[in-house]
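Start counting the sequence shown at 1; every next residue gets the next number (full-length UniProt numbering).
Even for Gly, the Cβ is constructed at its ideal location relative to N, Cα and C.
Down below is the structure, laid out as structure tokens.
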Amino acid sequence: MLEVAHRDADREVLLVERAGDVVVRVRALSDRESQRLHLVAGLLTELNEIPVRAAPRLLDAGGGGLLLERSVPLRSGSGRRRAEAHRASPSSAERRALVTAREDLDALVDALHGRGWGVGLAPGGGLGTRRDGSVVLADLRGLAPGPAGRERLADQHWVDSVLEDQDRTLRRRIDQGPAAGPRSEADGPRPAGSARADPEPLGRGILGPESIDHRHRAAPSARPRSRNGERSLAGRRRGGHPPVPRRLALVLAGGLLVLAGGATALAMGSEHRAAEAPHPGTATGADHGTGPGATRETRSGTSAGPRGAVPRSDPAGVEASITDPREFAQELATMRHGYVTGAGEESAALPGSPAADQDDQVRDAYADAQVAGEGPQVTGAVLEKIDDEEGTARLRVSSEQGELRVRMPDGVVRVRAAHPAAEIRLELERGDDGAWRVREVDPV
1 MLEVAHRDAD
11 REVLLVERAG
21 DVVVRVRALS
31 DRESQRLHLV
41 AGLLTELNEI
51 PVRAAPRLLD
61 AGGGGLLLER
71 SVPLRSGSGR
81 RRAEAHRASP
91 SSAERRALVT
101 AREDLDALVD
111 ALHGRGWGVG
121 LAPGGGLGTR
131 RDGSVVLADL
141 RGLAPGPAGR
151 ERLADQHWVD
161 SVLEDQDRTL
171 RRRIDQGPAA
181 GPRSEADGPR
191 PAGSARADPE
201 PLGRGILGPE
211 SIDHRHRAAP
221 SARPRSRNGE
231 RSLAGRRRGG
241 HPPVPRRLAL
251 VLAGGLLVLA
261 GGATALAMGS
271 EHRAAEAPHP
281 GTATGADHGT
291 GPGATRETRS
301 GTSAGPRGAV
311 PRSDPAGVEA
321 SITDPREFAQ
331 ELATMRHGYV
341 TGAGEESAAL
351 PGSPAADQDD
361 QVRDAYADAQ
371 VAGEGPQVTG
381 AVLEKIDDEE
391 GTARLRVSSE
401 QGELRVRMPD
411 GVVRVRAAHP
421 AAEIRLELER
431 GDDGAWRVRE
441 VDPV
């Protein structure tokens with residue numbers, strides 16, 4: 001056993017190792033829960049065979065428990081910040097990721113309701129993401145047979161909440177009238193074991209609960225503006241929170257999990273108190289590195305970019321710049337990781353591009369945190385396309401992300417487990433200085 005992720009009177013959720021991979025074991029602690037998990041196992045087997053993509057993969061069942069694939073929790077925001085307007089247009093990769101997530105979750109809800117089951121979760125929690133960026137139901141505590149009409153509506157509202165599409169919920173309530181409201185106690189008892197599960201307290205927003213204890217706040221960040229010459233559209237707000245809605249799209253788009261260390265490191269993982277935190281000298285900041293994969297350099301003036309980048313005026317320029325795609329991709333990954341975690345001031349992204357917008361938002365999210373651990377390690381790269389005249393190129397990259405330890409302002413350390421190799425595609429473009437920069441990141 002590696003970690004106890006959750007435990008109550010009826011069940012415990014454990015992270016265990018199986019054949020070299022980390023998986024989730026759900027174990028019943030009561031007879032009632034054992035019977036429910038037996039029914040859930042049959043349900044998941046059926047959904048996996050269809051297959052319903054957002055249903056968690058059942059690896060094994062028996063002995064009063066389940067063995068499931070592991071996913072990384074996605075945390076949606078709440079309160080005032082959730083209601084803020086989206087002030088930046090998502091990239092095409094983000095839009096595609098959100099459309100796919102919506103289709104997968106709608107298909108899950110339809111499949112469950114067609115079999116007389118419901119998701120049974122409170123808004124805002126219970127969603128996870130796989131290494132390929134697809135979404136998955138990560139919390140099975142609310143799964144129960146026999147949803148009534150209002151339960152179906154509640155599940156649809158849950159989908160809206162985890163995808164941060166509250167406007168659709170409001171439209172649905174207006175269309176449906178009072179019957180679309182939440183279930184009341186007068187509606188009678190719920191089926192056994194179907195109590196609507198509340199999301200974990202630490203899951204409300206990328207940096208945790210909105211009620212931050214400002215007595216423990218770190219000093220305001222002295223980091224300069226982004227290399228684009230202005231604050232990102234996700235500018236800092238009280239309490240250090242960036243606006244949450246676009247973060248979900250960024251994580252679903254997949255690129256940040258691989259080359260930037262992942263915004264999700266701030267929103268999930270096991271916790272340790274300050275006594276177990278890494279020494280401040282090992283954490284990132286303006287003068288600290290972030291481990292094997294991070295850059296310790298702080299550059300000023302005009303950058304030459306990764307060492308493979310050369311001006312267009314060089315006759316051998318384009319060919320000489322990416323003769324070793326893997327090494328070149330590692331330099332980009334290291335520079336990008338260092339920038340978003342605050343270890344470096346030089347961005348690998350093209351100014352004004354979707355990648356630059358993503359990186360600035362993640363950098364803002366990390367601003368009041370200290371990050372330690374391994375940076376991204378590129379395990380393979382292929383140069384798929386290069387155009388000398390247009391100054392564009394495309395790299396297909398396979399990269400692993402080591403474990404990250406993120407120390408929050410209140411002293412809590414959140415640990416994000418290492419991720420095996422995943423593939424992304426980097427769209428590159430030469431900047432005004434002739435250096436290759438990342439314009440866009442898409443999952444493969």
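Using CA coordinates, which residue listed in the options is at the minimum distance from residue i?
| i | options | result |
| --- | --- | --- |
| S34 | V4, A144 and A369 | A144 |
| residue 449 | A97, D139 and V438 | Residue 449 falls outside the range modelled here, since the chain spans only 1 to 444, and no answer is possible. |
| I424 | A417, R405, A355 and D388 | A355 |
| L98 | V415, L74, T379 and L121 | L74 |
| G431 | G380, T129, G411 and A349 | A349 |
| L105 | L68, D160 and A122 | D160 |
| G402 | E3, V22, Q377 and D388 | Q377 |
| R407 | M335, E384, Y366 and V362 | Y366 |
| E411 | E389, I322, V371 and V24 | First, the residue type needs correcting, since residue 411 is Gly and not Glu in the sequence shown. Looking at the Cα atoms, V371 is the closest of the given residues. |
| D21 | A417, A138 and S347 | A417 |
| S71 | L112, L121 and V136 | V136 |
| D31 | E384, E103, V415 and G63 | G63 |
| G120 | E400, G434, L404 and D139 | D139 |
| E400 | E384, T379, P409 and V415 | T379 |
| W436 | S347, V340 and R130 | S347 |
| V397 | D360, G373, A122 and A422 | A422 |
Expressed to the nearest angstrom, what Euclidean distance is found between the alpha-carbon atoms of residue i and residue j?
| i | j | result |
| --- | --- | --- |
| T45 | A333 | 39 Å |
| V382 | L395 | 6 Å |
| A101 | H157 | 15 Å |
| I386 | A393 | 4 Å |
| R7 | R141 | 11 Å |
| D324 | G344 | 24 Å |
| L127 | E331 | 33 Å |
| G308 | E327 | Low confidence applies here, because G308 scores a pLDDT of 41, under 50, leaving its location unreliable; read the following figure in that light. Between G308 and E327, the C-alpha separation is close to 9 Å. |
| G391 | A41 | 53 Å |
| G124 | L163 | 8 Å |
| V413 | G133 | 25 Å |
| D155 | L39 | 20 Å |
| A260 | L428 | Low local confidence applies: a pLDDT of 38 at A260 is under 50, so the model's placement there is unreliable, and no value is given. |
| A375 | G116 | One detail in the question is off: residue 375 reads as Gly in this sequence, not Ala. One C-alpha to the other measures close to 45 Å. |
| V109 | A369 | 37 Å |
| P420 | R27 | 26 Å |
| G65 | L37 | 6 Å |
| D357 | A329 | 20 Å |
| L29 | R18 | 22 Å |
| residue 458 | E389 | Nothing can be reported for residue 458: it is not among the residues displayed for the chain, which extend from 1 to 444. |
| G338 | E151 | 46 Å |
| P443 | L426 | 9 Å |
| L153 | G114 | 14 Å |
| E69 | P56 | 6 Å |
| D433 | P351 | 12 Å |
| V362 | A111 | 35 Å |
Which of the three DSSP states is assigned to residue i in this structure?
| i | result |
| --- | --- |
| E346 | coil |
| E327 | helix |
| V130 | Here the sequence assigns Arg to residue 130, which means Val is not the residue at that position. Of the three classes helix, strand and coil, the one that applies to R130 here is coil, per DSSP. |
| V119 | coil |
| L74 | strand |
| P354 | helix |
| R223 | With a pLDDT of 42 at R223, under the threshold of 50, the modelled position of that residue is not reliable, and the figure given next carries that caveat. Correct three-state label for R223: coil. |
| D364 | helix |
| L47 | helix |
| R57 | coil |
| G65 | strand |
| D433 | coil |
| R141 | coil |
| E103 | helix |
| D155 | helix |
| V23 | strand |
| R237 | Because the pLDDT of R237 is 34, which lies under 50, any placement of that residue in the model is unreliable, and the question is left without a value. |
| E164 | coil |
| D187 | Residue confidence for D187 is low, a pLDDT of 40 falling below 50, so the modelled location carries little weight; the figure read from the coordinates is stated next. The answer is helix: DSSP assigns D187 an H, G or I state. |
| D8 | coil |
| A369 | coil |
| V340 | helix |
| L98 | helix |
| V441 | strand |
Using a Cβ-Cβ distance cut-off of 8 Å, determine whether residue i contacts chain B.
| i | result |
| --- | --- |
| H6 | The structure shown contains no chain B, having only a single protein chain. |
Should the segment 44 to 53 be called in touch with the segment 12 to 23, which here means at least 3 C-beta pairs below 8 Å? no
My parser needs the beta strand (DSSP E) runs of 3 or more residues fully inside the segment 371 to 424; what are they? 376 to 387, 392 to 401, 404 to 407 and 413 to 416
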